[in-house]
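Going by my numbering, the first residue of the sequence shown is number 2, and it counts up by one from there. All residues carry an ideal CB built from backbone N, CA and C; glycine is no exception. Taking it in order: structure first as C-alpha cells, then the write-up.
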Amino acid sequence: MGADQFVDATLLVEEVKIGVRVCEGKSSVPDPDELARQLAELMAEEGREERKRAKELSRAAVEAVGDGGSSAEDLDSLVKELVKLTSPSDVQVS
C-alpha cells in the first residue's frame, strides 16, 4: 500500500466501519478469490450494516457541503479570516 493507503484503509475498516480489508502490505495485490468472497459478503446480508452506514455517511457529507452545512460554513469562515489577514486594518469584512 502507498503512504496513506494503510491509514485510509484502517480508518474505513476499523473506525468508520464501512469497508473490509482484502489485502495488506506495501506491494500487495488482492487474491482474486478472496476479493470475490469479500465483495459477495459485503453485498449479502453480512454487509448490510456497512452499506447502511455508508449511506448515512453519504447523506451527512452531502448536507455538510450544501448551503448552511458545516463544511460550507467552515469554508466561508476560513475565507473571511484570510481576507481579514490580507485587508488593511480599516476595512471591515462582514
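- Contact check between the stretch 47-54 and the stretch 16-26: three or more CB pairs, one atom from each, fall below 8 Å, which counts as touching.
- For S88, no alpha helix (DSSP H) segment is defined, and its DSSP state is neither H nor E.
- Relative to the Cα of E35, the nearest Cα in the group V23, L86 and E46 belongs to V23.
- Rounded to whole angstroms, the separation of the alpha carbons of A37 and L13 is 19 Å.
- Cβ contact annotation for A73 (same chain, cutoff 8 Å, sequence separation greater than five): A65, V66 and G67, in chain order.
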